[in-house]
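Note that our numbering has the sequence shown beginning at 1, numbered continuously upward. Even glycine gets a Cβ: it sits at the ideal position worked out from N, Cα and C. Following: one structure in C-alpha cells, then a few remarks.
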Amino acid sequence: MAQHGPDEDGLSSVAVRRGLLCGTALCTSDLSLQPLHHAILQDCNLVTAEYEMKWDAIQSRPHIPDYSAADKLVAFATDNALAFHGHTLWWHEAIPEVYREGSDADFAEAALQHLDMTVTRYTGRLTSWDVINEALEPAHGREDGLRRSRFLDALGPDYIATAFSRAAVLDPTAVLVLNEMGLEYDLPEAETKRRMMLSLLERELARGTPIACLGIQSHLTALEQPREHPRLRAFLREIGRMGLNVMITEMDVSDHLCPRDQRRRDAIVADTYRAYLDLVLDESSILAVSTWGFTDGSTWLNSFRPRADGAPQRPLLLDRALRRKPAWHAVRKALLRVNHAAGPAQPDPGAEPSH
Ligand code: XIL
C-alpha cells in the first residue's frame, strides 16, 4: 500500500478545517479491505452509497425489502464518525422490476411506501438525502422540462413536492437535496437544463417545497469541460440568490478523450478537477464535495464510458494501489483555497428572477 507523507494532511482534515464535507461513493465490498479503510478515513468525512441504497437494490426481491447492505454502509459511517449522504429515494433508473409495469395507483402506493420506510429507517443518522435524482429531461418536450417517468405518470408534477414534504416530516434533520446530472456542461442542452432547473426551483420554493440543496452530479469529461464557464458561474450565483446550498455529489473526470499516455492523461484530468472546483467553490455555498468512487479500481466509467483503446479509465483521485494522483493534489489545492465555512446560504430578498 502506498505510504503518504505525514506532512500531507488527507482531504478530510483539509475539508473539516473549512467547514466542508468531502468524500466518496462506496459499496459494501469496499469495507472489507483494511488498507482501503485506512485511506478512506484519511480522505473522507462523508460517504454515500453508490448503488446499494437505491430502490431497485433494496427491493431486488419483489415486496421483500432488504436493507442489509445499506445498513452496513450507514454503520460504517456511524462507527467512523463520518457524515452519510443517502442516494437516492426516487430515480427513474432504479425502479424495481416488479413496479415497472402495473397501474399508476399501485406504483404510487409502492413508491410512497418505499420513501416512507427508507427515510424512517435512517432518520437522524443521515446528513442528507438525494430525495429525487434526475427530475429534468428537456428533450421530453414538456414546458416544465420534467422527465417523463413513472413517478410523473403516477403522481403528477406534484411528485417533487410530495417526496420532499414527506421526507422533511419523517427526517427533519436531513438536508434534502434535488440531485441532477448535466448542469455542468458547456452545451446548448445544458443551458436549457440550467434555465429549467432555475424555473423548477423557483416554483417549488415558492410553494414551500423543502428543497435545501441542489446536487450537481459533476460527471465531467476531460478535454470537453471548459476551464472557464461563465454560464455555469451565472447559474450558481442564481442558485445562491435562492438561498440554496450546493453539493457536488458524484464528481469524476472521464479520460476517454485523452491520450493513452498515463502521465499526460493524469495531468489533464487533474487540471479539469482544479478548474472545475475552483469555479464551483468560488460561486457556491458548498456543503459537500464527493467523488463517485474512491480509486480508479472502483469507477463505473469503465462500463459507462469505456476508452476506445481499451485502457482502463483513470478518472478518480487515487490509483488502484491507493497512490495519490495529480488529481488528488489538484482537489486538495482547490479545497485549501476555500475560505468560507459552508453555512446555509441566505436568499437575496432583492433578487429578481433573471430567466
Ligand atoms: C451508477 C452506479 O455507479 C453503478 O454502479 C450502477 O450500476 C448504476 O448507477 N448518476 C447517478 C448514479 O445518480 O446513481 C449512477 O450510479 C451514475 C449516474
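Through-space distance from residue j to residue i, alpha-carbon basis
i	j	result
Pro138	Arg337	35 Å
Thr88	Thr209	18 Å
Ala308	Gly243	43 Å
Met1	Leu322	Low local confidence applies: a pLDDT of 45 at Met1 is under 50, so the model's placement there is unreliable, with the coordinate-based value given in what follows. Roughly 7 Å separates the two Cα atoms.
Ile268	His256	11 Å
Gly293	Phe84	15 Å
Leu187	Lys193	10 Å
Arg233	Leu279	7 Å
Glu134	His38	33 Å
Gly102	His92	15 Å
Ala108	Asp153	9 Å
Arg227	Glu184	12 Å
Asp130	His114	14 Å
Pro62	Lys54	14 Å
Asp104	Ser149	11 Å
Thr28	Ala275	32 Å
Leu335	Val98	44 Å
Val16	Leu31	22 Å
Leu357	Asp116	With the chain running from 1 to 355 in the structure shown, residue 357 is simply not present.
Asp144	Glu189	14 Å
Leu200	Ala111	22 Å
Leu317	Gly10	12 Å
Val14	Asp56	36 Å
Pro96	Asn339	43 Å
Val289	Arg264	25 Å
Glu202	Ile239	10 Å
Lys325	Pro312	15 Å
Asp266	Ala327	7 Å
Member of the options whose CA lies at the smallest distance from the CA of residue i
i	options	result
Arg231	Ala69, His140, Cys213, Arg195	Arg195
Arg241	Thr299, Leu205, Gly145, Ile40	Leu205
Gln225	Thr272, Asp278, Arg207, Ala69	Thr272
Ala270	Cys27, Gly310, Ala234, Asp319	Asp319
Asn179	Asn80, Ile248, Ala311	Ile248
Glu52	Asp71, Ile64, Ala105	Asp71
Glu191	Leu136, Ile64, Gly215	Leu136
Thr295	Ala75, Ile40, Leu198	Ile40
Val246	Arg265, Ile64, Leu281	Leu281
Gly297	Ser290, Pro315, Val289, Gly310	Pro315
Glu250	Glu50, Leu33, Ala163, Val14	Glu50
Leu198	Ser165, Phe235, Glu189	Phe235
Gly310	Tyr159, Arg203, Asp261	Asp261
Ala167	Leu201, Glu189, Ile239, Arg121	Arg121
Leu33	Cys258, Ile216, Phe76	Phe76
Thr299	Asn80, Leu277, Pro326, Ser254	Ser254
Gly360	Thr78, Ser165, Thr291, His229	One cannot answer for residue 360 here, as it falls past the ends of the chain, which runs 1 to 355.
Ala161	Cys258, Trp90, His140	Trp90
Val74	Leu126, His229, Ala327	Leu126
Leu277	Pro65, Ala330, Ala94	Ala330
Thr118	Pro326, Ala212, Ala163, Trp328	Ala163
Arg207	Ser165, Cys213, Arg237, Met181	Ser165
Opposing strand residues paired with residue i [DSSP bridges]
i	result
Trp196	Looking at the sequence itself, residue 196 is Met, so the reference to Trp does not match. According to DSSP, Met196 bridges with nothing at all.
Ser290	Gly23
Asn133	Trp91, Asn179
Gly86	Trp129
Leu318	Thr295, Arg324
Leu146	Leu136
Any non-hydrogen atom of the ligand GTP closer than 6 Å to residue i Cβ
i	result
His92	With respect to the ligand GTP, the structure offers nothing, as its ligand set consists of the ligand XIL.
- Item | Meets three-Cβ-pair contact criterion under 8 Å: the stretch 299-307 and the stretch 281-289 | no
- Message: Using a Cβ distance threshold of 8 Å, determine whether the stretch 218-230 contacts the stretch 165-174, with at least three qualifying pairs required.
- Response: no
- Item | Complete runs of the beta strand (DSSP E) confined to the stretch 10-78 [at least 3 residues] | 21-26, 46-49
- Message: Extract the residue ranges of the alpha helix (DSSP H) inside the stretch 192-260, only unbroken runs of 4 or more that lie entirely within it.
- Response: 230-241
- Query: Should the stretch 14-27 be called in touch with the stretch 39-51, which here means at least 3 C-beta pairs below 8 Å?
  - Reply: yes
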